[in-house]
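I have placed the structure first, in the form of structure tokens, so that the comments after it can refer back to it.
There are 2 protein chains.
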Amino acid sequence: MPHRNTRTGHPDQDAGHEVLAGVLRAHDGDLQVLLWQRAQEPHLDRWSLPGGRLAATEDVETSIRRQLAEKVDVHKLTHVEQLAVFSAPDRFPGQRVVATAFLGLVPADVDPEVPDDTRWHSVSALPGTAFDHERIVLAARDRLHAKLSYTNIGFALAPAEFTISELRRIYSAALGYQVSATNLQRVLSRRGVLEPTGRTVSAGPTGGRPPALFRFTSRDLQVTDPFAVFRPPSQD
Amino acid sequence: MPHRNTRTGHPDQDAGHEVLAGVLRAHDGDLQVLLWQRAQEPHLDRWSLPGGRLAATEDVETSIRRQLAEKVDVHKLTHVEQLAVFSAPDRFPGQRVVATAFLGLVPADVDPEVPDDTRWHSVSALPGTAFDHERIVLAARDRLHAKLSYTNIGFALAPAEFTISELRRIYSAALGYQVSATNLQRVLSRRGVLEPTGRTVSAGPTGGRPPALFRFTSRDLQVTDPFAVFRPPSQD
DNA sequence: TCAAAAGTGTTGACAGTACACCCATGA
DNA sequence: TCATGGGTGTACTGTCAACACTTTTGA
């Protein structure tokens, strides 16, 4: 591998291209991002996004998936998409490094083994971050917020099967405000995003009606609300 | 200037970063993109997007604006935004070049002086394009389509003042299907995106009621329809 | 006064929110 | 049978598309 990643420093002094990912999950009622703590200068001890140098033979998405494999089992990454390029000439001290930033999502039920120097942090209470990584995290959060509204991207945050209550907790955490379980089910069902599995789960220790299990009908990203206005004329 | 742009070839053999823009306008009832015809190999005579190498001291947006200044008067560019990174290792023959692609918009009323080797082409009938530039043009078109629906981005395609008929022609061209003048006015007015100037224009040669002039209330991009669903709870 | 173009009024479909109400279970 | 959480029925609201209708001009 000709390049070393940001964790071990950047031995090559040339201008370069790095890939970085804001990997998010909904957990314990809030939205968290995976960060690792830098072990050397610059920005010693500050918290940083996973990623590293783009290699010569890979495109940016292949690269970020490869680099994330060190931190999160790739099979648990349910969605990866480009966010934006961050390219301020002074964003990285001492050399020119252009970054392509990604949004990555991990479902709420898996708790992937992560290295010792990495930790999940609440997006609403970020620690001191390195470089321009805070902006990238906020861009990832904003993209997720928007896509929850007009796509089926919830599949990437939810387990394979779930109750509506669980899904409500996930959406509430991701959006940062309470979402109604009633309307969540209705909207997603009407759009054909959600379907019942037919099975139910036993009621909790405090009693109550046993909840039904649902799943997402597709686990690929689909736009479910393509035209808010100015739809093409109906040809009936 | 340490780098030469794609028009004159790439003399440096190192891996590099280029910026490219799909510059769009609505004209004569269709959506057009500005392309220039390559004067040498590779891809001699094929049509290509304006852009060039990223210089060491500029960020990608500064760079694309600088490079577009050669083709289009920058003051006529009413909107520029990042689209995506194109980074397939073989996208550029012979060397590694990562591209950051942009969407640029030009209003319908100005017909900027463009160099001899450049021409506006209908997006729906593209000529043979170089490299992966066709994909970039289509990404620009798709982004414009989407943003017309939930933002005020029409300001970037329209003149400073316009009649609803003119605006209807612009939206129809950009979207590729007929839009109703009635509903266009109503939706944009309700959202506070459009306002009457109070002045009217004399009727055309075939008679008819003289149309009123309108303008966009803002010439900065604003999201006018932020939450399709899952709005935050109303706090009344 | 008539044709043409601009703009308004009105209706209906539909999506989304809010909330009352019914359902199924454990204690 | 009661408390608890799950799920459904329904009314209300706002947005948009469709289209009839009115307004204002030139010939």
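Those sequence lines, one after another, are chains D and H.
Numbering-wise (UniProt numbering), the first sequence opens with residue 1 and increments by one.
Numbering-wise (UniProt numbering), the second sequence opens with residue 1 and increments by one.
By construction, the Cβ of each residue, glycine as well, lies at the ideal position given by its N, Cα and C atoms.
Predicted, not measured: the structure shown is a model, and the values here were computed from it.
For D/Thr163, the nearest beta carbon of chain H is not closer than 8 angstroms to its own beta carbon. The closest CA to that of H/Phe214, considering only H/Phe155, H/Val229, H/Lys76, H/Gln222, is found on H/Phe155. H/Gly104 and H/Lys76 have their C-alpha atoms spaced approximately 10 angstroms apart. Restricting attention to beta strand (DSSP E) runs no shorter than 3 residues, the UniProt domain "Nudix hydrolase" (16-144) of chain D encloses them at 16-27, 30-37, 51-53, 79-86, 97-105, 118-122, ordered along the chain.
Contacts between D/Asp59 and chain H, judged by CB atoms closer than 9 angstroms, involve Val85, Phe86, Ser87, Ala88, Pro89, Arg91, Val98 in chain order.
A residue is called buried when at least 16 other Cβ atoms come within 10 angstroms of its Cβ; D/Ala39 does not meet this threshold and is exposed. Within the same chain, and ignoring the five residues on either side of D/Asp225 in sequence, the residues whose Cβ sits closer than 7 angstroms to its Cβ are Tyr150. Look at the beta carbons and you see the segment 121-128 of chain D touching the segment 25-37 of chain D: at least three pairs across the two are nearer than 8 angstroms.
Contacts with chain D at 8 angstroms (Cβ-Cβ) do not include H/Val193. Under the three-state reduction of DSSP output, H/Glu166 falls in the helix class. Taking 7 angstroms as the Cβ-Cβ cut-off, the segment 175-190 of chain D approaches chain H at Leu175, Tyr177, Gln178, Val179, Val187, given in chain order. Not a single CB atom of chain D sits nearer than 8 angstroms to the CB of H/Gln67. Closer than 8 angstroms to the CB of D/Phe230 there is at least one CB belonging to chain H. Going by beta carbons, D/Ile136 and D/Leu20 fall inside the 8 angstroms limit. The C-beta of D/Phe214 comes no closer than 8 angstroms to any C-beta of chain H.
Taking a beta-carbon distance threshold of 8 angstroms, H/Leu148 counts as an interface residue toward chain D.
Here DSSP, grouped into helix, strand and coil, assigns H/Val193 to coil. For D/Pro233, the chain H residues whose Cβ falls inside 9 angstroms of its Cβ are Tyr177, Gln178, Val179, Ser180, in order along the chain. Residue environment for D/Asp59: buried (at least 16 other C-beta atoms within 10 angstroms of its C-beta). Under the 8 angstroms criterion on CB atoms, H/Phe227 is classed as interfacial with respect to chain D.
For D/Arg215, the enclosing beta strand (DSSP E) starts and ends at 212-216.
One thing to note: D/Thr62 has its Cβ no nearer than 8 angstroms to the Cβ of D/Gln82.
Residues Ala203 of the same chain have their beta carbon placed closer than 7 angstroms to that of H/Arg209, with the five preceding and five following residues left out of the count.
Taking 8 angstroms as the cut-off, the beta carbon of H/Phe230 is found no closer than this to the beta carbon of D/Leu194. In the three-state DSSP reduction, D/Arg186 falls in the helix class (H, G or I). Per the coordinates, the alpha-carbon of H/Leu68 lies some 18 angstroms from the alpha-carbon of H/Glu134. Interface annotation for the segment 13-27 of chain D against chain H: Ala15, His17, criterion Cβ-Cβ distance under 7 angstroms. The C-beta of D/Ala56 comes closer than 8 angstroms to at least one C-beta of chain H. Taken through DSSP and simplified to helix, strand or coil, H/Gly207 comes out as strand. For the options H/Asp30, H/Ala212, H/Thr217, the alpha carbon positioned closest to that of H/Arg141 is the one of H/Asp30. Under a criterion of Cβ atoms nearer than 7 angstroms, the residues of chain H adjacent to D/Gln82 are, in order, Ala84, Val85. Between D/Ala108 and D/Ala26, the beta carbon gap of about 5 angstroms places them in contact (Cβ cut-off 8 angstroms). If you draw a straight line from the Cα of D/Ser122 to the Cα of D/Thr78, it is about 20 angstroms long. Across the structure, H/Phe92 and H/Phe131 are spaced so that their CA atoms are roughly 7 angstroms apart.
For the 8 angstroms CB-CB criterion, H/Leu221 and H/Ile153 form a contact.
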